[in-house]
Amino acid sequence: MSRRPRILIVGAAGQVGLELQRSFSDTGEITCRDRDTVDLAVPDQVRAMVRSATPEIILNAAAYTAVDRAESEPEVAMAVNAQAPGILAEESLRSGALLVHYSTDYVFDGAKVGPWVETDKPNPLNVYGASKLAGEEAIQQVGGKYLIFRTSWVYGPHGSNFLLTMLRLGRERDSLNIVDDQIGAPTTSIELANATRTIVSGVLAGQFGTTSDWAGLYHMTCGGSVSWCGFARAIFTRAQTLLDGKMPAVYPISSSGYPTPARRPQNSVLSNEKLCARFSVRPAPWESALDEALRRLALPPLPA
Ligand SMILES: NC(=O)c1ccc[n+]([C@@H]2O[C@H](COP(=O)([O-])OP(=O)(O)OC[C@H]3O[C@@H](n4cnc5c(N)ncnc54)[C@H](OP(=O)(O)O)[C@@H]3O)[C@@H](O)[C@H]2O)c1
């Protein structure tokens, strides 16, 4: 595609949506949509949003992400995480647009030893995971030009996430108890958006062949793995300037010591091998991605 494509970013005000706006800013004509302009739980609004924007690329970063609340609001979670992606896929197929969608490590039950691969059988432990799995399936059933990126433990400089919560608690408290028996790959919104941009640009340039060569589901996380407790310790060790020199003590606890409405998988680590083999893209190790997120937080805000 030689001219700048029309790009629709759905969920543009979320953590990943904001970074997609940054990483795609020089790629095309961007239309942003979020809750103030569309309710994704209403099918007619989803269709109308796509038809009025006439995008050539749809980046769907929207989701019902309140994992614990989803246990008591399964209908809304299913509408936003399963039904809406299905409609986006239908609209993409109808117009020939490329649909990029994100899914989650929570489609798995965490019982595997070693990283999960795309062919492993999903078995979600909670409503959020089940709704995201249904969203993947809805898109795959429609087919067409789609990319589904399953990711994990997303955080970054904006939004509501583990890093920003730890930085706040680190300033307020002398000690913290953090779950140590769930492992995963903390993944920044920055790395996700950059990897997405590289892959989408390659797809548009015909670098990866025809649709049947690249369309499908891929795992996309930062490299390595750590427990929530280990991640918290790494944050406090690396974020000294943001914490005014404070270093809270971090004590490991088991998941049973921190009961939540939704069960979570113990092993959330996803293998990136398929992504790397197909697109030659390998997101940064989680430690250097954390350093980059902290560097962004330490930067003075840009002038308005
Ligand atoms: N966060 C994680 O740890 C994680 C892990 C694995 C995968 N993922 C996936 O990664 C993707 C991006 O997640 P994220 O962390 O960037 O999520 P996020 O920060 O929660 O952003 C999601 C966006 O979707 C919007 N949204 C939710 N319901 C909506 C509705 N009914 N109508 C319109 N907009 C609605 C939200 O608006 P409001 O803020 O107003 O609700 C928010 O702006 C999602 O597909 C998610 O499932 C996330």
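Quick note, the working numbering runs 170 ahead of the 1-based positions in the sequence shown.
Ideal Cβ positions, reconstructed from N, Cα and C, are used throughout, including at glycine.
In the structure shown, C202 adopts extended strand secondary structure according to DSSP, grouped into three states. For H328, the closest C-alpha among the options E226, R203 and R466 is that of R466. Its chain contains V237, D238, E241 and N296 as the residues whose beta carbon lies nearer than 6 Å to that of A432, once the 5 sequence neighbours on both sides are disregarded; these appear in chain order. In its chain, beyond the 5 residues on either side, E361, A365 and C392 have a beta carbon closer than 6 Å to the beta carbon of P453. Under DSSP, P422 takes part in a beta bridge, and its partners are I348. Short of 6 Å from the beta carbon of A419, and not among the five residues preceding or following it, lie these beta carbons of its own chain, in chain order: S345.
The beta carbon of P255 lies closer than 6 Å to those of H271, G305, A308 and I309 in the same chain, with the five residues before and after it left out. At a Cβ-Cβ threshold of 8 Å, I228 and V287 do not count as neighbours. For G386, the uninterrupted beta strand (DSSP E) segment begins and ends at G386 to H389. In this structure, DSSP gives P213 a helical state, which the three-state scheme calls helix. The nearest non-hydrogen atom of ligand 1 is 7 Å or more from the C-beta of Y421. In the three-state scheme derived from DSSP, where H, G and I count as helix and E and B as strand, V373 is classed as helix. Taking every protein chain shown into account, the CB of S262 has 16 or more other CB atoms within 10 angstroms, so this residue is buried. Straight-line spacing of the CA atoms in L337 and D461 works out to 14 Å. At the C-beta level, A355 and G400 stay beyond 8 Å of one another.
For Y325, the CB contacts under 8 Å within the same chain, skipping 5 residues up- and downstream, are Q185, N331, F332, L333, L334, P356, T357, T358, S359 and A463 in chain order. Between Y428 and R367, the alpha-carbon positions lie close to 37 Å from each other. Counting along the chain, the unbroken beta strand (DSSP E) around Y316 starts and ends at Y316 to T321. In the displayed model, V312 falls within a helix according to three-state DSSP. Relative to the Cα of P435, the nearest Cα in the group G198, P294 and D196 belongs to P294. The beta carbon of D350 sits closer than 8 Å to those of S397, W398, C399, G400, P422, I423 and S424, all from its chain and outside the five residues before and after it, given in chain order.
With 16 or more other Cβ atoms from the protein chains shown falling within 10 Å of its own Cβ, Q253 counts as buried. Exclusion of the five residues before and after K416 leaves G340 and R341 as the residues of its chain whose Cβ lies within less than 7 Å of its Cβ. Scanning A231, L387 and C202 for the CA closest to the CA of S222 turns up C202. For S262, there is no enclosing beta strand (DSSP E); the residue is part of the alpha helix (DSSP H) that begins and ends at A254 to S265.
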